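Counting the sequence shown from 1 gives a position; the working numbering is that position plus 19. By construction, the Cβ of each residue, glycine as well, lies at the ideal position given by its N, Cα and C atoms. Bear in mind that the values here come from a model prediction, so they are computed numbers and not experimental data.
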Amino acid sequence: MRGEELVVNEALKVRALPEGSCDYLLEFLRLYRDAVQIVVDRIWGIDEKLSWKKLHRLFYSDLVSMSFRAHHAKEIYVNAESLVESARSNGGRKPVLRKLSARVDKYDYKLDLDNMTLTLKLHSDYEVKLRLITSRERVERFRGWSNYELVVKYEDGEFWVSIYFKKIVKSLKPRTVMTIDLNFGNVTLAIYTLDGRRVRLKKLNTPHRKILTHKIWVERIQRKYPKSWRFIKGVRKAIERHGKRIKNISWDYAHKTGNTIAKLAFRHHSVIILEDLEKLRENNKKKDKEFNKRLGLWFYRRIQFCIEYEAMERDLEVVKINPKGTSSKCPRCGGKLVEYGHRVLGCKRCGFIGDRDVTATINIYKKYVSKHSRCGVPGVALNAPKPDENPSGMQGNKNEAMTTES
Ligand SMILES: [Zn+2]
Numbered sequence: 020m021r022g023e024e025l026v027v028n029e030a031l032k033v034r035a036l037p038e039g040s041c042d043y044l045l046e047f048l049r050l051y052r053d054a055v056q057i058v059v060d061r062i063w064g065i066d067e068k069l070s071w072k073k074l075h076r077l078f079y080s081d082l083v084s085m086s087f088r089a090h091h092a093k094e095i096y097v098n099a100e101s102l103v104e105s106a107r108s109n110g111g112r113k114p115v116l117r118k119l120s121a122r123v124d125k126y127d128y129k130l131d132l133d134n135m136t137l138t139l140k141l142h143s144d145y146e147v148k149l150r151l152i153t154s155r156e157r158v159e160r161f162r163g164w165s166n167y168e169l170v171v172k173y174e175d176g177e178f179w180v181s182i183y184f185k186k187i188v189k190s191l192k193p194r195t196v197m198t199i200d201l202n203f204g205n206v207t208l209a210i211y212t213l214d215g216r217r218v219r220l221k222k223l224n225t226p227h228r229k230i231l232t233h234k235i236w237v238e239r240i241q242r243k244y245p246k247s248w249r250f251i252k253g254v255r256k257a258i259e260r261h262g263k264r265i266k267n268i269s270w271d272y273a274h275k276t277g278n279t280i281a282k283l284a285f286r287h288h289s290v291i292i293l294e295d296l297e298k299l300r301e302n303n304k305k306k307d308k309e310f311n312k313r314l315g316l317w318f319y320r321r322i323q324f325c326i327e328y329e330a331m332e333r334d335l336e337v338v339k340i341n342p343k344g345t346s347s348k349c350p351r352c353g354g355k356l357v358e359y360g361h362r363v364l365g366c367k368r369c370g371f372i373g374d375r376d377v378t379a380t381i382n383i384y385k386k387y388v389s390k391h392s393r394c395g396v397p398g399v400a401l402n403a404p405k406p407d408e409n410p411s412g413m414q415g416n417k418n419e420a421m422t423t424e425s
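The following block contains the structure:
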């Protein structure tokens, strides 16, 4: 298993305030828009996709003689070409530009993170310095990233810039595999060694029941005032209060869980395997129905988002697998599992019996391994969970399960 390199892209969109007059910047944005329009008008009649080389030959010298810099010219014709392309593929009419917005190459601006300023190179060798109106933390996040293009816009009397950054993340070479199974009542995670031995098992209880209580309140109120709840202030306020509670509870939980999981994965050098929730919807399996009937997928998405975010911050790799069959197939013989009792599944063919959630983590592990056979994992040792097995975190008080272990 090699550690892999991946590129992360992110944009910083902030309001920017020109120091001194903004006349040159406005003039630049108008000139730029008009130049893009001129190119659009000219290539609209040409019935082929033009290469950059051809675009360069057709427009470069004209644009430069309009007092644009070399890289401005390139951005203008590339931008015009892509506008024409997308209008054509949508079967639309020739684009007519109204908004003031320009794409600027990295050679035509200078970003100063220390002073939170941005210097743009404009037409006719003018320059304008802009102050970025945002918090230091937001800017600081991009230290060490490399910036490439930016887009500057004029909207409702304000200037906005979106600066695009990228960072190459080298994920750590994993030594173990952490699989995660999301359920209505708990999040079950298991860590396996590369040869299939389970070294950790943990269940974190979810606050689903709490969320559900608030949801039931909302529904009860709406049933009581079926038509008028939107218009009676007190009633609407009560609904909003419950909505806010749901939001807070779920985000709190997602953050805590993401953090706990990523910390544990970091300590064990794990690659993190999640179920692909989009696939879950397609498969429309039993678990899916349970999800949708009771809460919908949004809560699981929120948890996954936080897991992925915290993992990225620690340079850990996250892989998503299709969850089809993970809680209905026997991990030993592939037969169909049937419910033996409360959250216990069994296989009539080979006699396997296991806790439903733990069985899912084994199946997720097996799926990951079979897709990533280059790891050279020699089959799966099946330490099947006993039905009465108590994974760590399940013992004692329910709330204890959420505490971060040391
Ligand atoms: Zn079986």
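DSSP state of residue i mapped onto helix, strand, coil
i	result
Phe371	coil
Thr232	helix
Pro404	Low confidence applies to Pro404: its pLDDT is 49, below 50, so where it sits in the model is not reliable, and the reading given next is rough at best. Coil, per DSSP.
Thr279	helix
Cys325	helix
Val290	strand
Glu159	helix
Val399	Caution is warranted here: a pLDDT of 43 is assigned to Val399, below 50, making its placement in the model unreliable, and the coordinate value is therefore given only provisionally. Residue state, collapsed to three classes: coil.
Ser143	helix
Cys394	Bear in mind that the predicted position of Cys394 carries a pLDDT of just 46, short of 50, making it unreliable; the figure below should be weighed with that in mind. Helix at Cys394.
Leu130	strand
Arg150	strand
Leu69	coil
Glu38	coil
Ser347	coil
Val115	coil
Lys298	helix
Arg122	strand
Ile265	helix
Gly365	strand
Nearest candidate by alpha-carbon position, reference residue i, set the options
i	options	result
Lys343	Cys325, Tyr384, Cys366, Phe324	Tyr384
His287	Tyr128, His227, Leu77, Thr212	Thr212
Val290	Leu77, Thr195, Glu168	Thr195
Arg150	Ile258, Ala106, Val33, Ala89	Val33
Glu294	Phe285, Val237, Asn202	Asn202
Lys339	Arg49, Met197, Leu102, Ile230	Met197
Pro37	Leu48, Lys234, Gly373, Val147	Val147
Lys234	Phe324, Ser154, Asp66, Lys266	Lys266
Trp317	Ser101, Ile280, Asn341, Trp270	Trp270
Arg426	Asp133, Val27, His274, Ala106	Residue 426 lies beyond the residue range present for the chain, which begins at 20 and ends at 425; the question has no answer from this structure.
Arg61	Trp71, Lys113, Val26	Lys113
Gln440	Leu335, Asn341, Cys349, Leu296	A query on residue 440 cannot be resolved here, the shown segment of the chain reaching from 20 to 425 and no further.
Asp131	Arg162, His391, Leu74	Arg162
Beta-carbon spacing of residue i, residue j below 8 Å
i	j	result
Val180	Val171	yes
Ile11	Gly360	Since the displayed the chain opens at 20 and closes at 425, residue 11 lies outside it and no answer follows.
Tyr96	Val123	no
Arg375	Val357	no
Val55	Leu116	yes
Thr380	Asp200	yes
Phe285	Arg333	yes
Lys229	Asn205	no
Ile182	Leu283	no
Phe47	Leu141	yes
Tyr51	Ala106	no
Leu102	Ala92	no
Lys125	Tyr167	yes
Glu94	Leu69	no
Leu137	Asp127	no
Tyr145	Tyr43	yes
Residues bridged to residue i [DSSP beta-bridge criterion]
i	result
Glu174	Glu177
Ile182	Leu31, Leu169
Ala209	Thr198, Leu220
Val3	Any question about residue 3 goes unanswered here, given that the chain covers just 20 to 425.
Pro226	BP columns for Pro226 are empty, so no partner.
Lys355	Lys348
Beta-carbon contacts of residue i that lie in its chain and below 6 Å, excluding the five residues immediately before and after
i	result
Trp164	Phe184, Lys186
Val337	Ile291, Glu327, Ala330
Arg368	Cys352, Gly354
Trp236	His261
Pro404	Residue placement at Pro404 is flagged as unreliable, the pLDDT there being 49, under the threshold of 50; the coordinate-derived value follows with that caveat. Same-chain partners within the cutoff: Gly373, Asp374, Val377.
Asn402	Confidence is the limiting factor: at Asn402 the pLDDT is only 48, short of 50, which leaves the residue's position unreliable, though a coordinate-based value still follows. Same-chain partners within the cutoff: Arg217.
Lys252	none
Thr345	Ala379, Asn382, Ile383
Phe178	Ala35
Val27	Lys186, Val188
Tyr386	Checking the sequence, you will find Lys at residue 386 rather than Tyr. Closer than 6 Å at the Cβ level, and outside the excluded window around Lys386, lie Ile340.
Proximal residues to residue i (C-beta, below 7 Å), its chain only, five neighbours per side dropped
i	result
Pro226	Ile268, Tyr272
Val254	Ile240, Tyr244, Trp248
Gly365	Leu356, Val357, Tyr359, Phe371, Ile372
Ala257	Ile240
Ser86	His142, Ser143
Own chain residues within Cβ distance below 8 Å of residue i, not counting five before or after
i	result
Val396	Summary for Val396: the model assigns pLDDT 44, below 50, so the residue's position carries little reliability, and this model does not support an answer.
Ile152	Val33, Arg34, Ala35, Leu36
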